[in-house]
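Chemist:
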């Protein structure tokens, strides 16, 4: 477990995961700056006795077999653990969805009830409905902003776990995580949180009472849109259970992907700062446009949940949505299709800007999504904001032309 540490977060990003056992070299006591790529499937032993001894002891962060990892992955896992005060350890997975699935399977058993935030990432909902429900786990969706309603759900029967995502996927509702985790502790409910938007740099989830913090490292940790990866960082009570579940399911990540993610982690601080500043500039600009009804960005003072964001988060990132004023699918498509500096595609967190048409109505069970027009999700990359604003301005002109002639 990480001990007392008074280093600032940016210093941790530069230093974390660089223990001498990962970076040391024979004859070079100072080691090397970045841990190398250790690729391995078979690990060789001197004799049968050593093989038996290795098999009979803990294989965590010890070379045993390639599926259990190598120092390249352990270095990244250690670095992510250092970013979450109170964490026992981190496990890596081939995608964010794999991390979510493994964490839920480590916690839940047939007959359990799971509280799932209604604004969750769509693949998370799919896993609940298509895997957990047939498995015998009942998923109850809850309003992300209504903490008081949790008692009513508890009155209907015991709850094993509650899943949070703050801000919410697509619509960016901010949850009162300290209040929810306090409620969960009082009622012996396990808390899991998808913390991909803020990362531990801007929101150390375990410090706010969460038991299991989950990241789609594909996004901001990697930062270059070229690696799929997920992680779970957990308290001492839950880390061992998640590790065992991951081993049983054969979940792992490749050494090459782990090395790329470690490289991305070192620049997370400067990248997020740029994503934040550029996204806020564009969000403020969009607020002033007559064809935009609303901008959904927690760092905007008039956005619902802003006070919670301001209290709990130390920064914002590059992902947000906006609602158009009127119009239809054709008008929205005209806006997006003609963009020169925004790609059209899923995921986010890389250096490139993206635009995506979204329809939150499809992903609601406990709440109702109502909007003045179609919605667009933006990821603001590292391009110059003047270019991006000019691009969006031309897009809104195309949108208006279709809307006003329909």
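Residue numbers (the working numbering): 1245 to 1650. Beta carbons are placed, not taken as given, at the ideal position from N, Cα and C, and that holds for glycine. All values reported here derive from a predicted model rather than from experimental measurement.
1) My assumption, with CB atoms under 8 Å, is that residue 1402 sits in contact with residue 1379. Please give the rounded CB distance.
2) Counting C-beta neighbours from all protein chains within 10 Å, is the total for residue 1588 16 or more, i.e. buried, or is it exposed?
3) If you follow the alpha helix (DSSP H) that residue 1643 is part of, which residue opens it and which one closes it?
4) For a minimum of 4 consecutive residues, which ranges assigned as the alpha helix (DSSP H) are wholly contained in the stretch 1511-1541?
5) Using 8 Å as the threshold, is the C-beta distance between residue 1453 and residue 1477 below it?
6) Would the stretch 1302-1320 count as touching the stretch 1402-1422 if we require 3 or more Cβ pairs under 8 Å?
7) Which same chain residues, not among the five before or five after residue 1332, have their C-beta less than 7 Å away from its C-beta?
8) According to DSSP, is residue 1419 part of a helix, a strand, or is it coil?
9) With a threshold of 8 Å, are at least 3 pairs of Cβ atoms found where one atom belongs to the stretch 1633-1650 and the other to the stretch 1572-1585?
10) Hey, out of 1280, 1297 and 1349, whose CA is closest to residue 1489's CA?
11) Indicate whether residue 1409 and residue 1361 have their beta-carbon atoms separated by less than 8 Å.
12) Are the CB atoms of residue 1617 and residue 1568 nearer to each other than 8 Å?
13) Measuring only the C-alpha atoms, how far is residue 1572 from residue 1370?
14) Would you call residue 1636 buried or exposed, if buried means 16 or more other Cβ atoms sit within 10 Å of its Cβ?
15) Check residue 1499 in the structure and name its three-state DSSP category.
16) Identify, in the order they occur along the chain, each residue of the same chain with its Cβ nearer than 7 Å to the Cβ of residue 1305, setting aside the five sequence neighbours on each side.
17) Measure the CB-CB distance between residue 1591 and residue 1497 and report whether it falls below 8 Å.
18) How many Å lie between residue 1561 and residue 1594 at the Cα?
19) When the Cα atoms are used, what is the spatial distance from residue 1337 to residue 1503?
20) State the start and end residues of the unbroken alpha helix (DSSP H) segment that holds residue 1493.
21) Less than 7 Å between C-beta atoms, sequence neighbours within five positions excluded: which residues of the same chain meet that for residue 1631?
22) DSSP on residue 1604, reduced to helix/strand/coil?
23) How would you write the range of the beta strand (DSSP E) that residue 1409 sits in, first residue to last?
24) Check whether the Cβ atoms of residue 1438 and residue 1610 sit closer than 8 Å, and answer yes or no.
25) Note down the Cα distance separating residue 1627 from residue 1394, rounded to an integer number of angstroms.
26) Among 1375, 1289, 1535 and 1413, which residue has its Cα nearest to the Cα of residue 1606?
27) Taking its Cβ as the centre, do 16 or more other Cβ atoms sit within 10 Å of residue 1274, making it buried, or is it exposed?
28) Would you call residue 1256 buried or exposed, if buried means 16 or more other Cβ atoms sit within 10 Å of its Cβ?
Modeler: Judging by the given coordinates:
1) Walking along the chain shown from the start, residue 1402 turns up at place 158. Walking along the chain shown from the start, residue 1379 turns up at place 135. Going by Cβ atoms, the distance from residue 1402 to residue 1379 rounds to 17 Å, so no, they are not a contact pair.
2) Taking the chain shown and counting its residues from 1, one reaches residue 1588 at position 344. Classification for residue 1588: exposed.
3) Here residue 1643 is taken as the residue at index 399 of the chain shown, counted from 1. In the DSSP annotation of this structure, the continuous segment of the alpha helix (DSSP H) that includes residue 1643 starts and ends at 1629-1649.
4) 1512-1531
5) As a working mapping, residue 1453 is identified with position 209 in the chain shown. As a working mapping, residue 1477 is identified with position 233 in the chain shown. It is not a contact, given that the beta carbons lie outside the stated cut-off.
6) no
7) Here residue 1332 corresponds to residue number 88 of the chain shown, with the count starting at 1. Excluding residues within five positions, the ones whose Cβ falls inside 7 Å are 1245, 1478, 1479, 1480 and 1483.
8) In the chain shown, the residue the question calls residue 1419 occupies position 175. Correct three-state label for residue 1419: coil.
9) yes
10) By one-based count along the chain shown, residue 1489 stands at place 245. Nearest option by C-alpha distance: 1349.
11) The count along the chain shown starts at 1 and reaches residue 1409 at position 165. The count along the chain shown starts at 1 and reaches residue 1361 at position 117. Residue 1361 sits close to residue 1409, with the two beta carbons spaced by under 8 Å.
12) Residue 1617 sits at position 373 when you count from the first residue of the chain shown. Residue 1568 sits at position 324 when you count from the first residue of the chain shown. Yes, the Cβ-Cβ distance between residue 1617 and residue 1568 is below 8 Å.
13) In the chain shown, the residue the question calls residue 1572 occupies position 328. In the chain shown, the residue the question calls residue 1370 occupies position 126. So the alpha carbons of these two residues sit roughly 27 Å apart.
14) Translated into positions along the chain shown, residue 1636 becomes position 392. It counts as buried.
15) On the chain shown, position 255 is the one that residue 1499 refers to. Looking at residue 1499 - three-state DSSP - the assignment turns out to be helix.
16) Residue numbering aside, residue 1305 sits at position 61 when the chain shown is read from its first letter. Excluding positions up to five away in sequence, the list reads 1318.
17) As a working mapping, residue 1591 is identified with position 347 in the chain shown. As a working mapping, residue 1497 is identified with position 253 in the chain shown. The answer is no: Cβ separation not under 8 Å.
18) Position 317 of the chain shown, counted from the first residue, corresponds to residue 1561. Position 350 of the chain shown, counted from the first residue, corresponds to residue 1594. When rounded, the distance between both Cα atoms is 12 Å.
19) Stepping through the chain shown from its first residue, residue 1337 is reached at position 93. Stepping through the chain shown from its first residue, residue 1503 is reached at position 259. Roughly 14 Å between the two C-alpha positions.
20) Locating residue 1493 in the chain shown gives position 249, where the first residue counts as 1. Residue 1493 -> alpha helix (DSSP H) spans 1480-1493.
21) Start at 1 with the first residue of the chain shown, and residue 1631 comes out as number 387. The answer, listed in chain order, is 1585.
22) The count along the chain shown starts at 1 and reaches residue 1604 at position 360. In the structure shown, residue 1604 sits in a helix (DSSP, three-state: H, G or I).
23) Stepping through the chain shown from its first residue, residue 1409 is reached at position 165. Looking at the DSSP string, the run of the beta strand (DSSP E) that includes residue 1409 is 1405-1409.
24) In the chain shown, residue 1438 corresponds to position 194, counting from 1. In the chain shown, residue 1610 corresponds to position 366, counting from 1. Not a contact, by the Cβ cut-off of 8 Å.
25) Position 383 of the chain shown holds residue 1627. Position 150 of the chain shown holds residue 1394. When the Cα atoms are used, residue 1627 and residue 1394 turn out to be separated by approximately 42 Å.
26) Here residue 1606 refers to the residue found at position 362 of the chain shown. Out of 1375, 1289, 1535 and 1413, 1413 has the C-alpha closest to the C-alpha of residue 1606.
27) Within the chain shown, residue 1274 is the residue found at index 30, counting from 1. The residue is exposed, with fewer than 16 neighbouring Cβ atoms inside 10 Å.
28) On the chain shown, residue 1256 is found 12 positions in, with the first residue counted as 1. Buried is the call here.
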